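Taking it in order: structure first as structure tokens, then the write-up.
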């Protein structure tokens, strides 16, 4: 064809592969080149230059009739289903629920579908209580965003001990193949930057916050993310020192991540530490403009209800409106040390005290911190078991003795060397804090390294004296261990006897059910025992097995177990009736759900009360039906034991007044502004002084002051979101409506089996609705999928199923759950559309068996979208909502909006029925001609699009208005503050009294920068406010022939 034949509204072939485009405009440049502006089948407007050389590849499509309706009816229905399933989220309002291995609860549905998904861009704090299933909520959110085309790259940042749990949960429940960042992967990256090569990433918080090289890779160009999720996000908090913020490495990481993503989700059960200014500093990670500057009471607003959701355990309900969680009880079990144990305790504590004093005299703060850390480890192991303290003392003595020999050898050679190895001088307090979040095997390795090497000795003589002291302590610990007299173990043994004697079952009691009965002994129940140290775990294992009479009654979980071993131990505890006790270190305190048990013992009490809360949360979580009981073993008349005993006593008093919710604020409690660890160290160092003991007692009592506890509980209910019976009823009704519209499993199964056969695949049913795929054709395996999580399509599948309940089968191989997002289904959809998408524009004749009349109709498929004025990375306007609709036209040009895939109610023409030419030649079809497509579009523009725009505007505008007002209020007040500050400083400078830390020019610059930020942010918000509809795009059409018309022919 000639370039001159390009005219407005002409349909042109050859511009895009396998697609017709519609000419919008033609602009000539001389005689041999034109700029062609055209519209794609998806409604996108694009342009390109065409020269005379291009005339051979383009042509105007022959269009005797706008729609020929000569397509294969059966294939037309199949391609229409492929298009619908590709846009499954537009039809199934709870798509992620129906395509994931989860049974979500009401509060999880509302979090994802009412609080988070409607927020665009999502900048949100999910602060539900521990055990509420925040991982499930994050997985549903990620899967929905992938289905909607809004997420390709996702980064999850979590404490190291949770990385594997996140990976397991997201793959097992949501089929999302996240990869965990490791040093090996970083080094093996083909491009040098593994982040650019990997779309779904889980990274350890401490790794990202401490490794500057990794941060540089995150900052690389194009290394941005569609969503970043931070679990245990309170670890990224910062605090104010005077009027200036004191940022941690983790907070700086949070700022970096916030800048790298449009959508940012923080998850923590403890977002508030009791200081509003620190909380708002934390919230600045979500919106730095809205929370600029230090919070000033009476000046700044504190409404964060649009940025966070908080639900407490006591308010959570099941779908039958009954409480989700049962009650909790904790008991203190004191024991008195034997004379031999008391003698050892006194001697070791004296050594710890003296070494603390020597460490305090060191000039190097990092070395002093390392020594202090080592001494606290030693004291905790002393309280744990004779085995733990004996082995710890021996290892420390041996390592220091080895260090002494090295030093003496260097001395003989005339060389000098540091008493403390260089590695001990590189760790600061923040590093030791980070260590709590590392995987347990790393914690044990680092603790062992510090305990064995950190010393306050500054000369060889001092080191020799310390080794001599350690040798004496080691001998004393050995005597206690060999004596077999362990009063702590005896106390646990008595408890085991009480719990496993009789045969009565436990009674259930949810929140508010009245007085809680004492735990009833039963040999069928299961018990979790926590210890902090591997030596103690090994020591207890043999003793408990002997007490219960069989080795297989006890399983263990600790940090050195491989993932498969840990899972096997967990499964044995859950399902094997012979297994009675799970003996665990804190490797089980994070990321493992143990609600099969409702009894727990803290053999060792952690110095971080967060750990206490986490441990209890392992059994007190979703799925638990029994009252949970916890026993805490405490050595009375020891310095740290006295503090803990008083703390637990006050905790029980608070529980009697406030209920089980008091356990959920343990991790937030401060003791006169200090953490519990510091209180315990003071007890060890100065506990012999009566005034110190009295002060410690007062400090613990003050922490449990009713007014302070009420404040903590009020902060815990920050922006409270209630889940009452009426709301549960509303969620249940929504679930029922969604159930009626779900595509999974029936529509998906029907489509897949037919489409897979057409593309050359082979699938055979093996069990009821479970299939073996024996051959996946190469073109399907190799197709470049438009969406999906990046998993490869396999050559064969031993089993597939379309109903999630059929995926697991005890007697047959497990089946892959095929649903939207599964690579095999996505590849079949893409293959079907690539080969036959044009059939939708060609059209086909379908028969309406239920219509005995003779008046045909035309069914149109349309897609329309709403956009705002902000831009995507590709430079296009951002689509914020999309809909697909079906419209039927009749001979009177009357349009009717029909619901949900009406073509499935119609059948293709049978072989013995009239062909499409004969049907179109009938006088009843004479009206089917030009302008039908425009009629359908006019109907959508006049009737459907305005409703869609109004719905989106009503949903978005209040949130945008609230954000705009909050940003303007906060930044305007900060600008005024710094303007005044600049004037005050200028006056001081003029009178000869300059401020050494800040001058008037710096204050003025800060005010000017804030003004720039305000104007930039207001402009961005204005772009988000400017929403407009795109013109509806006709995707396909079918001629609907009533069966009465066919009978008349």
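Residue numbers (the working numbering): 3 to 1051. For every residue, glycine included, the Cβ atom is placed at its ideal position computed from N, Cα and C. It should be emphasised that the depicted structure is a prediction, and the values quoted were computed from it without experimental measurement.
Suppose contacts are defined by Cβ-Cβ distances below 8 Å. Is residue 609 in contact with residue 335 by that definition? Translated into positions along the chain shown, residue 609 becomes position 607. Translated into positions along the chain shown, residue 335 becomes position 333. Not a contact, by the Cβ cut-off of 8 Å.
Alpha carbon of residue 767 to alpha carbon of residue 802, nearest angstrom: Here residue 767 refers to the residue found at position 765 of the chain shown. Here residue 802 refers to the residue found at position 800 of the chain shown. Distance between the alpha carbons of residue 767 and residue 802: 9 Å.
Rounded to the nearest angstrom, what separates residue 231 and residue 697 at their Cα positions? Position 229 of the chain shown, counted from the start, is the residue given in the question as residue 231. Position 695 of the chain shown, counted from the start, is the residue given in the question as residue 697. Roughly 42 Å separates the two Cα atoms.
Report back the beta-carbon spacing between residue 891 and residue 937 to the nearest angstrom; my notes put them in contact at under 8 Å. By 1-based counting over the chain shown, the position of residue 891 is 889. By 1-based counting over the chain shown, the position of residue 937 is 935. Sure, about 6 Å apart at Cβ, within 8 Å.
From the DSSP output, in three-state form, read off residue 233 for me. Numbered from its first residue, the chain shown carries residue 233 at position 231. It is a strand residue.
DSSP three-state label for residue 1057, please. No information on residue 1057 is available, as it lies outside the stretch 3 to 1051 that the chain covers here.
Bridge partners - residue 87, DSSP secondary structure assignment: Here residue 87 refers to the residue found at position 85 when the chain shown is read from its first residue. Looking at the DSSP output, residue 87 bridges to nothing.
Note the first and the last residue of the continuous beta strand (DSSP E) segment covering residue 462. Position 460 of the chain shown, counted from the first residue, corresponds to residue 462. Note, residue 462: premise wrong, no beta strand (DSSP E); alpha helix (DSSP H) at 462-485.
From 102, 182, 621 and 737, residue whose alpha carbon lies closest to that of residue 819: Residue numbering aside, residue 819 sits at position 817 when the chain shown is read from its first letter. Out of 102, 182, 621 and 737, 102 has the C-alpha closest to the C-alpha of residue 819.
For residue 1017 and residue 973, what's the separation of their Cα atoms in angstroms? Here residue 1017 refers to the residue found at position 1015 when the chain shown is read from its first residue. Here residue 973 refers to the residue found at position 971 when the chain shown is read from its first residue. Cα to Cα, residue 1017 sits roughly 10 Å from residue 973.
Between which two residues does the beta strand (DSSP E) carrying residue 247 extend? The sequence position of residue 247 within the chain shown is 245, counting from 1. 246-248 is the extent of the beta strand (DSSP E) around residue 247.
Whole angstroms is fine: what's the gap from residue 185's alpha carbon to residue 49's? Within the chain shown, numbered from 1, the residue matching residue 185 stands at position 183. Within the chain shown, numbered from 1, the residue matching residue 49 stands at position 47. Taking the CA atoms as reference points, residue 185 sits about 46 Å from residue 49.
Work out the CA separation of residue 473 and residue 1064 for me, nearest whole Å. With the chain covering 3 to 1051 only, the question about residue 1064 has no answer from this structure.
Would a check of beta-carbon distances place residue 742 closer than 8 Å to chain D? Although the question refers to chain D, the structure presented lacks it and comprises just one protein chain.
Please confirm whether any heavy atom of the ligand ATP lies closer than 7 Å to the CB of residue 488. Annotation note on the ligand ATP: not contained in the displayed structure, which lists no ligands.
If you draw a straight line from the C-alpha of residue 248 to the C-alpha of residue 278, how long is it? Counting from 1 along the chain shown, the entry for residue 248 is found at position 246. Counting from 1 along the chain shown, the entry for residue 278 is found at position 276. Distance between the alpha carbons of residue 248 and residue 278 is about 15 Å.
Specify the secondary structure class of residue 596 as computed by DSSP and reduced to three states. For this step, residue 596 is matched to residue 594 along the chain shown. Residue 596 falls in the coil class under three-state DSSP.
Nonlocal neighbours in the same chain, by C-beta distance under 7 Å from residue 321, ignoring five residues either side: To locate residue 321, count along the chain shown from 1; it is residue 319. Same-chain partners within the cutoff: 108, 730 and 734.
Cβ atoms of residue 452 and residue 375: under 8 Å apart, would you say? On the chain shown, position 373 is the one that residue 375 refers to. On the chain shown, position 450 is the one that residue 452 refers to. Cβ atoms of residue 375 and residue 452: closer than 8 Å.
Judging by CA-CA distance, which residue of 585, 475 and 1005 is the nearest neighbour of residue 529? As a first step, residue 529 is located in the chain shown; it is residue number 527 there, counting from the start. Ranking the options by Cα distance to residue 529, first place goes to 585.
Is the beta carbon of residue 835 sitting closer than 8 Å to the one on residue 63? Along the chain shown, read from residue 1 onward, the residue named residue 835 stands at position 833. Along the chain shown, read from residue 1 onward, the residue named residue 63 stands at position 61. Remark: C-beta atoms of residue 835 and residue 63 do not approach each other more closely than 8 Å.
Complete runs of the alpha helix (DSSP H) confined to the segment 21-99 [at least 4 residues]: Secondary structure within the segment 21-99: the alpha helix (DSSP H) runs of 4 or more consecutive residues, fully enclosed, are 75-88 (chain order).
Just the Cα atoms here: how many angstroms apart are residue 122 and residue 883? On the chain shown, position 120 is the one that residue 122 refers to. On the chain shown, position 881 is the one that residue 883 refers to. Within the model, the alpha-carbon separation for residue 122 versus residue 883 is close to 10 Å.
Hey, residue 169 and residue 139: beta-carbon distance below 8 Å or not? For the purposes of this step, residue 169 is taken as residue 167 along the chain shown, with counting starting at 1. For the purposes of this step, residue 139 is taken as residue 137 along the chain shown, with counting starting at 1. No.
Run the CB neighbour count on residue 939, radius 10 Å, all protein chains shown included, and call it buried at 16 or more, exposed below. Numbered from 1 along the chain shown, position 937 holds the residue referred to as residue 939. With 16 or more Cβ atoms within 10 Å of its Cβ, residue 939 is classed as buried.
Looking only at DSSP bridge pairs, what is residue 881 linked to? Locating residue 881 in the chain shown gives position 879, where the first residue counts as 1. For residue 881, the pairing in a beta bridge is given by DSSP as 869.
How big is the Cα-Cα spacing for residue 119 and residue 1011? By 1-based counting over the chain shown, the position of residue 119 is 117. By 1-based counting over the chain shown, the position of residue 1011 is 1009. So the alpha carbons of these two residues sit roughly 33 Å apart.
Apply the 10 Å Cβ neighbour rule to residue 804 and answer buried if 16 or more other Cβ atoms are within range, or exposed otherwise. For the purposes of this step, residue 804 is taken as residue 802 along the chain shown, with counting starting at 1. That one is buried.
Is it a yes or a no for the segment 34-43 touching the segment 51-59, going by three-plus beta-carbon pairs under 8 Å? Verdict: yes, contact present.
Where do the N-terminal and C-terminal ends of the alpha helix (DSSP H) with residue 350 fall, by residue? Translated into the one-based positions of the chain shown, residue 350 becomes position 348. Taken as a continuous stretch (DSSP letters only), the alpha helix (DSSP H) holding residue 350 covers 341-362.
Report yes if the CB atom of residue 465 is closer than 8 Å to the CB atom of residue 380, and no otherwise. Sequence index remark: in the chain shown, residue 465 carries index 463 (1-based). Sequence index remark: in the chain shown, residue 380 carries index 378 (1-based). Their beta carbons are not under 8 Å apart, which means residue 465 does not touch residue 380 by this criterion.
Taking only the alpha-carbon atoms, compute the straight-line gap between residue 81 and residue 129 and give it to the nearest angstrom. To locate residue 81, count along the chain shown from 1; it is residue 79. To locate residue 129, count along the chain shown from 1; it is residue 127. The C-alpha of residue 81 lies about 43 Å from the C-alpha of residue 129.
What does DSSP give as the partner residue(s) for residue 1 in the beta ladder? The first residue shown for the chain is 3 and the last is 1051, placing residue 1 beyond what the model contains.
Residues that DSSP places opposite residue 803 in a beta bridge: Position 801 of the chain shown, counted from the first residue, corresponds to residue 803. In DSSP, residue 803 forms a bridge with 772 and 819.
Between which residues of its own chain and residue 950 is the CB-CB distance below 8 Å, once the five residues before and five after are set aside? Translated into the one-based positions of the chain shown, residue 950 becomes position 948. Closer than 8 Å at Cβ, skipping near neighbours: 866, 868, 883, 885 and 1031.
With H, G and I counted as helix, E and B as strand and the rest as coil, what does DSSP make of residue 1045? Within the chain shown, the letter at position 1043 stands for residue 1045. Residue 1045 falls in the helix class under three-state DSSP.
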